[in-house]
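Engineer:
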Amino acid sequence: MKCPCCNQEMEAGYLQTGTRIAWTRELHKFSLLPRKGEVILENNVFKGVDFHAQICKHCKKVVLDYSDKNYEEG
Ligand SMILES: [Zn+2]
Numbered sequence: 267m268k269c270p271c272c273n274q275e276m277e278a279g280y281l282q283t284g285t286r287i288a289w290t291r292e293l294h295k296f297s298l299l300p301r302k303g304e305v306i307l308e309n310n311v312f313k314g315v316d317f318h319a320q321i322c323k324h325c326k327k328v329v330l331d332y333s334d335k336n337y338e339e340g
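For the sequence shown, the numbering used here gives the first residue as 267, with consecutive numbering after it.
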């Protein structure tokens, strides 16, 4: 998909969370060191979930897909 902010093509993958957040191309256990092409962020928000996620490395945006998660709408 195209990035909604800069219109560049985004990369599909996953946003996985633990004590840190990692955007990964494939779902896998991640360590503190990113594999090639991955992005790891500090995590103060999420705990132990993973999302399908598109990343734009050009303007540093991630779009999460939570359609496969249980959720509540207010
Ligand atoms: Zn972008």
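Positions of the beta carbon are idealized from the N, C-alpha and C atoms, including for glycine.
Just so it is clear, the structure is predicted and the values come from calculations on it, not from any experiment.
(1) Give me the DSSP bridge partner(s) of V329.
(2) Excluding the five sequence neighbours on either side, which residues of its own chain have a C-beta within less than 8 Å of the C-beta of L293, listed in chain order?
(3) Could you name the residues of the same chain whose beta carbon sits closer than 7 Å to that of G303, not counting the 5 residues immediately before and after it, in chain order?
(4) Excluding sequence positions up to five away, which residues of its chain have a Cβ less than 7 Å from the Cβ of Y332?
(5) Hey, out of K326, I306 and P270, whose CA is closest to I287's CA?
Structural biologist: To lay it out plainly:
(1) Q320
(2) Y280, Q282 and D316
(3) R291
(4) F317
(5) I306
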